[in-house]
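Novice: What follows is a single structure, and I will ask about it in a moment.
Number of protein chains: 2
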Amino acid sequence: MSKKTPGFRAATILDVASVANVSKSTVSLVLRGSDLIPTETSDRVRKAAAKIGYVYNRRAAELRRQSSNAIGVVISDLRNPFFAEVLVGLERRLAEAGYTVFMAHTNEDLERQQRVLTILREQGIAGIAICPALGTPISLPRSVKSWGVPLVVMVRTLGGGASYDFAGADNSLGVRQAMDHLIGKGHRRIAFLGGITGPVLQQRLDGYKETFTAHRIRFHPDLIVTSQPTREGGHAAMVRLLKARKSVKAAVCYNDLTAFGALSALGDAGLRAGVDFDLIGFDNILDTIHSNPPLSTVDIKPEQMGAEAAVLLLARIKEPGLKVQRFIQEPTLVLRQSG
Amino acid sequence: MSKKTPGFRAATILDVASVANVSKSTVSLVLRGSDLIPTETSDRVRKAAAKIGYVYNRRAAELRRQSSNAIGVVISDLRNPFFAEVLVGLERRLAEAGYTVFMAHTNEDLERQQRVLTILREQGIAGIAICPALGTPISLPRSVKSWGVPLVVMVRTLGGGASYDFAGADNSLGVRQAMDHLIGKGHRRIAFLGGITGPVLQQRLDGYKETFTAHRIRFHPDLIVTSQPTREGGHAAMVRLLKARKSVKAAVCYNDLTAFGALSALGDAGLRAGVDFDLIGFDNILDTIHSNPPLSTVDIKPEQMGAEAAVLLLARIKEPGLKVQRFIQEPTLVLRQSG
DNA sequence: CTGAAAGCGCTTACAG
DNA sequence: CTGAAAGCGCTTACAG
Numbered sequence: 001m002s003k004k005t006p007g008f009r010a011a012t013i014l015d016v017a018s019v020a021n022v023s024k025s026t027v028s029l030v031l032r033g034s035d036l037i038p039t040e041t042s043d044r045v046r047k048a049a050a051k052i053g054y055v056y057n058r059r060a061a062e063l064r065r066q067s068s069n070a071i072g073v074v075i076s077d078l079r080n081p082f083f084a085e086v087l088v089g090l091e092r093r094l095a096e097a098g099y100t101v102f103m104a105h106t107n108e109d110l111e112r113q114q115r116v117l118t119i120l121r122e123q124g125i126a127g128i129a130i131c132p133a134l135g136t137p138i139s140l141p142r143s144v145k146s147w148g149v150p151l152v153v154m155v156r157t158l159g160g161g162a163s164y165d166f167a168g169a170d171n172s173l174g175v176r177q178a179m180d181h182l183i184g185k186g187h188r189r190i191a192f193l194g195g196i197t198g199p200v201l202q203q204r205l206d207g208y209k210e211t212f213t214a215h216r217i218r219f220h221p222d223l224i225v226t227s228q229p230t231r232e233g234g235h236a237a238m239v240r241l242l243k244a245r246k247s248v249k250a251a252v253c254y255n256d257l258t259a260f261g262a263l264s265a266l267g268d269a270g271l272r273a274g275v276d277f278d279l280i281g282f283d284n285i286l287d288t289i290h291s292n293p294p295l296s297t298v299d300i301k302p303e304q305m306g307a308e309a310a311v312l313l314l315a316r317i318k319e320p321g322l323k324v325q326r327f328i329q330e331p332t333l334v335l336r337q338s339g
Numbered sequence: 001m002s003k004k005t006p007g008f009r010a011a012t013i014l015d016v017a018s019v020a021n022v023s024k025s026t027v028s029l030v031l032r033g034s035d036l037i038p039t040e041t042s043d044r045v046r047k048a049a050a051k052i053g054y055v056y057n058r059r060a061a062e063l064r065r066q067s068s069n070a071i072g073v074v075i076s077d078l079r080n081p082f083f084a085e086v087l088v089g090l091e092r093r094l095a096e097a098g099y100t101v102f103m104a105h106t107n108e109d110l111e112r113q114q115r116v117l118t119i120l121r122e123q124g125i126a127g128i129a130i131c132p133a134l135g136t137p138i139s140l141p142r143s144v145k146s147w148g149v150p151l152v153v154m155v156r157t158l159g160g161g162a163s164y165d166f167a168g169a170d171n172s173l174g175v176r177q178a179m180d181h182l183i184g185k186g187h188r189r190i191a192f193l194g195g196i197t198g199p200v201l202q203q204r205l206d207g208y209k210e211t212f213t214a215h216r217i218r219f220h221p222d223l224i225v226t227s228q229p230t231r232e233g234g235h236a237a238m239v240r241l242l243k244a245r246k247s248v249k250a251a252v253c254y255n256d257l258t259a260f261g262a263l264s265a266l267g268d269a270g271l272r273a274g275v276d277f278d279l280i281g282f283d284n285i286l287d288t289i290h291s292n293p294p295l296s297t298v299d300i301k302p303e304q305m306g307a308e309a310a311v312l313l314l315a316r317i318k319e320p321g322l323k324v325q326r327f328i329q330e331p332t333l334v335l336r337q338s339g
């Protein structure tokens with residue numbers, strides 16, 4: 001909390017009014033762009049405002065109007081470029097619509113998420129967009145709804161029963177596309193690298209297992225090597241895989257970050273991705289284009305996903321009675337050099 | 001702008017007061033944690049608040065108190081993990097101090113930056129932390145100061161005359177450390193890859209050139225290959241370098257992103273960084289640990305830099321009369337496998 | 001077309 | 001220790 005420099009009194013519409021020789025209602029009307037005011041008058045008002053350096057006090061206006069032009073955005077892991085890209089798309093669309101974003105980073109910490117949500121609520125924001133932290137209770141959407149604040153959930157679903165607006169991707173299909181490609185190249189033993197828990201992992205693993213069934217290939221559970229969904233994790237997972245099952249020459253990764261780690265482990269072992277080992281990532285973050293080698297991956301257009309989440313939220317704000325909305329990004333496989 | 005669900009009237013301190021059988025002043029005092037109120041009474045008030053689902057209206061309170069607990073954070077390029085990491089450090093420290101962040105992304109667009117600054121001003125934030133977009137006029141700090149809002153500039157300086165709080169790194173020294181290392185390994189012809197413009201490039205190039213002088217090595221201007229400070233740019237720069245000057249076997253890059261692009265171009269050419277070519281990045285973003293190969297780079301602790309910027313801003317808010325503050329991160333060379 | 005008045009939900013001296 | 005009152009800077013019917 002901070003007060004303004006003492007002694008300094010900011011100009012208000014009353015000051016503008018007195019300079020322009022009108023009432024403060026008139027000033028307010030002009031500022032809000034009402035067409036009740038003749039051009040001559042409104043010009044005079046605007047000039048007066050500029051002259052005395054008047055600054056619109058949005059908080060006061062919003063308090064009076066019981067409205068808000070701020071939207072709370074809660075991100076679980078900003079160090080993952082995927083989420084940063086989602087945020088970029090979201091922020092841009094929101095800014096275009098005249099909204100400002102209150103950004104909070106939970107770092108996958110449920111307690112922090114709770115705290116942050118409470119603060120956002122007290123700020124009186126117009127809506128919330130959230131990438132829920134892992135382990136977020138299914139009750140979250142109901143709870144936020146009960147506050148009367150519009151909500152969109154991004155990336156991670158929250159389990160069966162709850163109904164809420166959601167923007168995400170078809171994770172199972174994405175993995176199936178990657179798997180089909182690898183099978184098409186002749187691979188039969190294909191590993192799945194990375195991920196510990198969460199709905200997204202669940203969906204991606206589903207796609208992984210479904211592919212074996214669809215192609216009548218026997219599935220070996222130990223082809224799944226779990227790890228933190230990070231570069232470190234991907235590196236460790238690939239090291240373990242190479243040690244345990246030398247015959248495996250292909251893998252799809254939980255996400256691009258794990259794939260980068262795996263790429264690095266491959267390099268350590270003197271193996272070249274795309275020639276000695278086929279590796280496919282997931283997300284298509286910007287980094288994949290010029291990794292070494294450029295990463296083949298499943299494109300779910302992170303930035304666009306963020307923008308779509310904004311669209312859903314904006315629609316919900318405008319029309320609270322709307323039926324539940326879902327945006328599910330169609331994945332596409334983008335082939336580069338790694339597999 | 002959105003209104004709350006119609007018909008729904010949120011509880012106010014007046015409601016709490018009537019339930020708790022006290023005056024609204026008492027409620028306010030309790031909520032603000034005043035010790036004027038006996039425990040028995042404040043317990044009663046808190047219970048009443050919880051019972052009717054009262055939510056503190058921060059905007060109203062702040063309007064009355066002429067204060068704010070929001071800080072505007074303006075980021076120029078959130079797609080660059082370096083800035084995302086700075087943001088994470090900044091946000092965490094600010095949140096710890098009880099502040100919320102209004103986040104705006106300018107995408108290096110000066111017009112957008114101007115717009116965003118105006119909006120932040122109208123929101124009545126307590127302070128601004130900005131990574132200025134390239135080409136930001138030197139007058140920006142003066143202008144923000146004239147609004148009466150505390151400011152900290154991050155990462156990029158704004159030129160000579162202006163005085164403002166700043167958190168950044170010793171860029172020249174960082175490059176010199178990298179260069180000394182390469183020279184120690186026996187290299188004489190060392191390229192500088194990436195960057196187009198801006199103060200950071202200037203400083204890093206200064207360090208680059210100084211090293212040649214210090215070691216009495218002849219400096220070839222065409223060893224500097226400029227490019228966008230991105231992976232694409234780094235890739236293109238390395239391709240050009242490889243084509244033009246086959247004798248060069250070492251380079252320091254403008255930043256880690258360019259280094260990744262260069263790594264990728266090296267891979268394309270069948271060259272291994274760290275054995276056929278020594279490559280050093282700058283920033284030490286998280287991605288460097290497990291790139292292929294792991295990138296040697298100059299560590300300027302992005303997350304900590306963000307946290308330090310928060311510290312400076314918080315100090316400025318508390319004590320507007322403070323003399324100009326600077327935090328300049330000491331770089332350290334971290335050697336991994338690329339060079 | 002413009003002005004006087006009430007009110008958004010708080011905080012803060014000031015009495016009592 | 002608690003209550004009545006004024007006021008933060010706006011907006012919005014309502015008169016005129």
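Here the protein sequences line up with chains A and B, keeping their order. Residues 1 to 339 (full-length UniProt numbering) are what the first sequence spells out, left to right. Residues 1 to 339 (full-length UniProt numbering) are what the second sequence spells out, left to right. Every residue gets a Cβ at the ideal spot worked out from N, C-alpha and C, and that includes glycine.
Looking at Ser296/A: is its Cβ nearer than 9 Å to the Cβ of Ala178/A?
Specialist: In contact: Ser296/A and Ala178/A (Cβ atoms closer than 9 Å).
Novice: Give me the Cβ distance between residue 369/A and Ala48/A, rounded to the nearest whole Å; I'm assuming they're in contact under 8 Å.
Specialist: Residue 369/A cannot be examined here, being either before or after the span of chain A that is shown, 1 to 339.
Novice: Consider the Cβ of Gly124/B: report whether some Cβ of chain A lies at a distance smaller than 9 Å.
Specialist: yes
Novice: Within 10 Å of its beta-carbon, does Asp165/A have 16 or more other beta-carbons around it, so buried, or fewer, so exposed?
Specialist: It is buried - the Cβ of Asp165/A has at least 16 other Cβ atoms within 10 Å.
Novice: So with Cβ pairs under 9 Å, would you call Arg204/A a contact of chain B?
Specialist: no
Novice: What span of residues does the alpha helix (DSSP H) with Phe83/A cover, start to end?
Specialist: 81-96
Novice: Assign Pro302/B to one of two classes, buried (16 or more other C-beta atoms within 10 Å of its C-beta) or exposed (fewer than that).
Specialist: That one is buried.
Novice: By the 10 Å Cβ neighbour count, where 16 or more other Cβ atoms means buried, how is His181/B classified, buried or exposed?
Specialist: buried
Novice: Using the Cα positions of Ile190/B and Lys249/B, report the straight-line distance between them to the nearest angstrom.
Specialist: Here the alpha carbons of Lys249/B and Ile190/B stand approximately 7 Å from one another.
Novice: Roughly how many angstroms separate the alpha carbons of Val275/B and Gly234/B, rounded to a whole number?
Specialist: 19 Å
Novice: Considering only C-alpha positions, which residue in the set Ala265/A, Pro38/A, Leu257/A, Gly267/A is nearest to Gly281/A?
Specialist: Ranked by how close their Cα comes to the Cα of Gly281/A, the residues Ala265/A, Pro38/A, Leu257/A, Gly267/A have Leu257/A in first place.
Novice: Under the rule that 16 or more other beta-carbon atoms within 10 Å means buried, what is His290/B, buried or exposed?
Specialist: buried
Novice: Distance, Cα to Cα, Ser23/A vs Ala60/A?
Specialist: 18 Å
Novice: Per the DSSP calculation, Ala167/B is bridged to which residue(s)?
Specialist: Met154/B, Phe327/B
Novice: Indicate whether Leu63/B and Leu31/A have their beta-carbon atoms separated by less than 9 Å.
Specialist: no
Novice: In terms of residues, what are the limits of the alpha helix (DSSP H) holding Ala262/A?
Specialist: Residue range 256-268 is occupied by the alpha helix (DSSP H) that includes Ala262/A.
Novice: With Leu14/B as the anchor, note down where its alpha helix (DSSP H) starts and where it stops.
Specialist: 13-20
Novice: Against chain A, with Cβ distances strictly below 9 Å, would Thr100/B count as a contact?
Specialist: By the rule that beta-carbons nearer than 9 Å mark a contact, Thr100/B touches chain A.
Novice: Quick test of your reading: Leu263/A and Leu279/A, contact by CB under 8 Å. State the CB separation rounded to the nearest angstrom.
Specialist: Going by Cβ atoms, the distance from Leu263/A to Leu279/A rounds to 7 Å, so yes, they are a contact pair.
Novice: Against chain A, does Phe260/B count as a neighbour if the rule is that its beta carbon must be under 9 Å from one of theirs?
Specialist: yes
Novice: Determine the direct distance from the alpha carbon of Val155/B to that of Ile75/B, and round the result to whole angstroms.
Specialist: Going from the Cα of Ile75/B to the Cα of Val155/B covers about 10 Å.
Novice: Could you check the C-alpha separation between Phe82/B and Phe192/A for me, to the nearest Å?
Specialist: 29 Å
Novice: Between the region 321-339 of chain B and the region 200-220 of chain B, do three or more beta carbon pairs fall short of 8 Å?
Specialist: The region 321-339 of chain B, when compared against the region 200-220 of chain B, does not touch it at the 8 Å Cβ threshold.
Novice: For Ala251/A and Asp222/A, I'd like the C-alpha separation in whole angstroms.
Specialist: 13 Å
Novice: Starting from the C-beta of Ser172/A, find all residues in its chain whose C-beta is less than 8 Å away, skip the five residues before and the five after it, and write them out in chain order.
Specialist: Gln203, Arg204, Asp206, Gly207, Glu210
Novice: Does the beta carbon of Met103/A sit closer than 9 Å to a beta carbon anywhere in chain B?
Specialist: yes
Novice: Scan the region 275-296 of chain A for residues whose Cβ lies nearer than 8 Å to a Cβ of chain B and list them as they occur along the chain.
Specialist: The region 275-296 of chain A vs chain B, Cβ under 8 Å: Leu286, Asp287, Ile289, His290, Ser291, Asn292, Pro293, Pro294.
Novice: Using the Cα positions of Asp268/A and Gly159/B, report the straight-line distance between them to the nearest angstrom.
Specialist: 44 Å
Novice: Please list, in chain order, the chain B residues whose beta carbon lies closer than 8 Å to that of Tyr56/A.
Specialist: The contacting residues are Glu122.
Novice: Between Glu232/B and Gly198/B, is the Cβ-Cβ spacing less than 9 Å?
Specialist: No, the Cβ-Cβ distance between Glu232/B and Gly198/B is not below 9 Å.
Novice: Once DSSP output is grouped into helix, strand and coil, what is the label at Ala50/B?
Specialist: Residue state, collapsed to three classes: helix.
Novice: Tell me which residue opens and which closes the alpha helix (DSSP H) that Lys116/A is part of.
Specialist: The sequence as given places Val at residue 116/A; Lys does not occur at that position. First-last of the alpha helix (DSSP H) with Val116/A: 110-123.
Novice: Please state whether DSSP places Ala307/B in a helix, a strand or coil.
Specialist: helix
Novice: Can you pull the chain A residues whose beta carbon is under 9 Å from the beta carbon of Ile196/B, in chain order?
Specialist: Those do not exist, as Ile196/B stays about 17 Å from chain A at its closest Cβ, beyond 9 Å.
Novice: From Leu87/B to Arg44/A, what distance separates their C-alpha atoms?
Specialist: 43 Å
Novice: With a threshold of 9 Å between beta-carbons, can Val88/A be considered close to chain B, or not?
Specialist: It does: the Cβ of Val88/A has a partner Cβ on chain B nearer than 9 Å.
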